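K.L.:
Protein chains in written order, with my numbering: chain L, 1 to 343; chain Z, 344 to 686. Ideal Cβ positions, reconstructed from N, Cα and C, are used throughout, including at glycine. Here the structure is a predicted model, which means the values were calculated and not measured. Starting off with a structure, shown below.
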DNA sequence: AAATTCACCGTGAACGTTCACGTGAATGGA
DNA sequence: TCCATTCACGTGAACGTTCACGGTGAATTT
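See below:
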């Protein structure tokens, strides 16, 4: 039950600690012969270096923190998947942390991660203020953030093209002839919320379709939140024929709200979501959405984090993730004669 | 950028390391007065104890590992949620690890977690053999496993009542008058696969409904796997009017397969899934399923792990999780006159 | 033959804590 | 007065590694 230490191996192989260390990390001068001998001793004793002890001196723990708002939103597991796949390849372990979109919790979690000694942190859509983030970045080294624009040497960004996502949705609605469109969005005023609405509304206005606060309703970025928000909005503004949702969960909630209100999709109400999570193609009618490569977000974030770890003083440009409109059954012509493009 | 150590605090407060340590962990003899003085010094310097250093001597890292097959299956995030909520309360951090149902990967992950020094490990449905698990448990202390029965002092079990789950599904099919029922199951022969089929088949046989290998088809426990398996099974055995799926993802895949084969649900084919993940009530028709309290699994697993940590020599009984049949739109009468009970 | 180089390997220190002691002062009772 | 007890705090060691040295013998050069 006692742990096998480097000294046990050293004794067994008849060498010193340092030689064992050299054999394991195959660096430094060591003959092939003794290296073999050490490594067989390692195998026989089942020795694995104690990471805490290593961390003490190397200042590296081989761990990173991944923090996001809600693991129940399928968007995040997909990203996490990408992060983990890259991490495991490099023998990194990753802490997953839910913030519940609560700044208090997020602060606590970040502190906890720092104390834990994680080598880096990836924050998917922080709900902290810019000031708090800058302050945090002052005390802590490599941070990757998505959908957030904070200018700090220790922070590298990965930005989803939210504006274009909103614009694509708006363009489609316009092309389909919709004149009265609404927005179901996150009650928390996040970066992505602002940018998605911005892209959406600006495009609508270009085509002279109205878009103001009266057609926007907010709620939690969940199924229930989308359901409630959609119900409120459609009750208040029954003339709406199209809805753009902050994310797919809200869109799915909105779909259920429509069903409950006896509004047919897409005949009476068209809906476009955001993220293109797996569910979109399972439900019926299937959901049109703005696709973003979630797995790739994870891969890119973790890869960049490793780069920052490898070259602490280098500066890295921020990266942008493209989006794409995926049309499914939840959107359809309102007036066929207005169909400018087929899709 | 340099870390504040316990010595810095000691110097600032004019005391020794040990006194600072006493103040922080408020144990041992220390006067209120100096404790105050130390704590203000701590606040001023922004000192946080280095966990790696603590771990070196206490043999506790304040971390646990949570390993499961696939984070993309919504079942696991819900469990993870429960684990994390309990963990955070006790200042624990949790590593999440995907095994992809690959024994090689799982072994590697377990090794990695041990080297990392996690205080305990929760394994949701291991895909390792009993021998490998016993061997691992010999070298490592507290382990919680779900859906696995391994008799070892270091392992505590949390068992979902799979047999009853299968029985409930079978009973319902029989009561609805189905005479030809099929099974879509996991290609990996896991404990839960065996028990679910066992409960299902035994109950069918009790009612003299046939149930043998010819009506079982296997696939990956995913949407795609369920889709493919259902298509194969329904092609081979077109007389089937009811399907019992290993989990909800496979069930949803099967639903899609039915749609593609122009089989109406539930008029022509009834389907029951397992787990009762959120999706079941979103899709249309909604999916009947065997419900198990996933969040509670996580809570119970983590709670028990903490108990084992607190009392390393105590023995704990294994726990069972109840199941419940939730009927939705995917199941309906075949022959109304056979309806023994209403539900 | 002496000096230099080189390949290989070992030794003390350090990382930041906590644990098991040790110590000195104050207090109490006989 | 003396000893025992209690309280408050400090000191050396230890946890298991790696780093920066230093050393040794053999090979090579001068």
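Report the neighbours of residue 60(L) on chain Z: residues whose CB is nearer than 7 Å to its CB, in chain order.
P.N.:
Chain Z residues near residue 60(L): none, gap ~10 Å exceeds 7 Å.
K.L.:
Determine, for residue 71(L), whether the minimum Cβ-Cβ distance to residues of chain Z falls below 8 Å.
P.N.:
yes
K.L.:
Is residue 602(Z) buried or exposed, if buried means 16 or more other CB atoms sit within 10 Å of its CB?
P.N.:
exposed
K.L.:
In this structure, does DSSP put residue 352(Z) in helix, strand or coil?
P.N.:
helix
K.L.:
Report the rounded CA-to-CA distance for residue 359(Z) versus residue 400(Z), giving the unit in angstroms.
P.N.:
18 Å
K.L.:
Going by beta-carbon coordinates alone, are residue 456(Z) and residue 437(Z) separated by less than 8 Å?
P.N.:
no
K.L.:
With burial defined as no fewer than 16 other Cβ atoms inside 10 Å of the residue's Cβ, what is the status of residue 27(L): buried or exposed?
P.N.:
exposed
K.L.:
Exposed or buried, residue 221(L), counting other C-beta atoms within 10 Å across all chains shown (16 or more means buried)?
P.N.:
buried
K.L.:
Does DSSP classify residue 408(Z) as helix, strand or coil?
P.N.:
strand
K.L.:
Which chain Z residues are close to residue 103(L), counting only those with a beta carbon under 7 Å from its beta carbon?
P.N.:
What residue 103(L) touches in chain Z: nothing, since even the nearest Cβ is about 15 Å away.
K.L.:
Between residue 470(Z) and residue 531(Z), which are expected to be in contact by the criterion C-beta below 8 Å, what is the C-beta distance as a whole number of angstroms?
P.N.:
6 Å
K.L.:
When burial is assigned at 16 or more other CB atoms within 10 Å of the CB, is residue 501(Z) buried or exposed?
P.N.:
Buried, because 16 or more other Cβ atoms sit within 10 Å of the Cβ of residue 501(Z).
K.L.:
With DSSP as the reference, label residue 468(Z) as helix, strand or coil.
P.N.:
In the structure shown, residue 468(Z) sits in coil (DSSP, three-state: anything other than H, G, I, E or B).
K.L.:
Can you have a look at residue 599(Z) and say buried or exposed, based on whether 16 or more other CB atoms are within 10 angstroms of its CB?
P.N.:
buried
K.L.:
For the beta strand (DSSP E) that contains residue 646(Z), what are its first and last residues?
P.N.:
Per DSSP, residue 646(Z) belongs to no beta strand (DSSP E); it is in the alpha helix (DSSP H), 637–653.
K.L.:
When we look at the beta-carbon of residue 584(Z) and count the other beta-carbons within 10 Å, is it buried (16 or more) or exposed?
P.N.:
buried
K.L.:
Would you kindly report the start and end of the unbroken alpha helix (DSSP H) that includes residue 52(L)?
P.N.:
51–58
K.L.:
Which of the three DSSP states, helix, strand or coil, is assigned to residue 479(Z)?
P.N.:
helix
K.L.:
Taking all protein chains shown into account, decide if residue 486(Z) is buried (16 or more other Cβ within 10 angstroms of its Cβ) or exposed.
P.N.:
buried
K.L.:
Relative to the C-alpha of residue 196(L), which candidate in 248(L), 239(L), 182(L) and 163(L) has its C-alpha closest?
P.N.:
163(L)
K.L.:
Kindly say whether residue 464(Z), judged by its beta-carbon, lies nearer than 8 Å to any beta-carbon of chain L.
P.N.:
no
K.L.:
Counting only C-beta atoms, is residue 434(Z) closer than 8 Å to chain L at any point?
P.N.:
yes
K.L.:
Confirm, please, whether the CB-CB distance from residue 666(Z) to residue 429(Z) is below 8 Å.
P.N.:
no
K.L.:
Taking C-beta pairs closer than 8 Å, name the residues in chain L that residue 399(Z) reaches, listed in chain order.
P.N.:
52, 53 and 56
K.L.:
In the structure shown, what three-state DSSP assignment does residue 198(L) receive?
P.N.:
Here residue 198(L) sits in helix by DSSP.
K.L.:
Cutting at 6 Å between CB atoms, please list the residues of its own chain near residue 491(Z), excluding the five before and the five after it.
P.N.:
469 and 534
K.L.:
Could you give the DSSP three-state label for residue 362(Z): helix, strand or coil?
P.N.:
helix
K.L.:
Listing by chain order, which chain Z residues have their CB less than 8 Å from the CB of residue 82(L)?
P.N.:
Under the 8 Å cutoff, chain Z gives no residues; its nearest Cβ is about 11 Å from residue 82(L).
K.L.:
Is the distance from the Cβ of residue 591(Z) to the Cβ of residue 620(Z) below 8 Å?
P.N.:
yes
K.L.:
Would you verify that the beta carbon of residue 49(L) is, or is not, closer than 8 Å to some beta carbon of chain Z?
P.N.:
yes
K.L.:
Which two residues bound the contiguous alpha helix (DSSP H) that contains residue 428(Z)?
P.N.:
Counting along the chain, the alpha helix (DSSP H) containing residue 428(Z) begins and ends at 418–432.
K.L.:
Distance check for residue 193(L) and residue 69(L), CA to CA, integer angstroms please.
P.N.:
14 Å
K.L.:
Should residue 125(L) be flagged as near chain Z, meaning a C-beta pair shorter than 8 Å?
P.N.:
no
K.L.:
With DSSP as the reference, identify every bridge partner of residue 503(Z), one or two as the case may be.
P.N.:
664(Z)
K.L.:
Just tell me which of 33(L), 29(L) and 38(L) has its CA closest to the CA of residue 6(L).
P.N.:
The residue with the shortest Cα to Cα distance from residue 6(L) is 38(L).
K.L.:
Helix or strand or just coil, what does DSSP make of residue 245(L)?
P.N.:
strand
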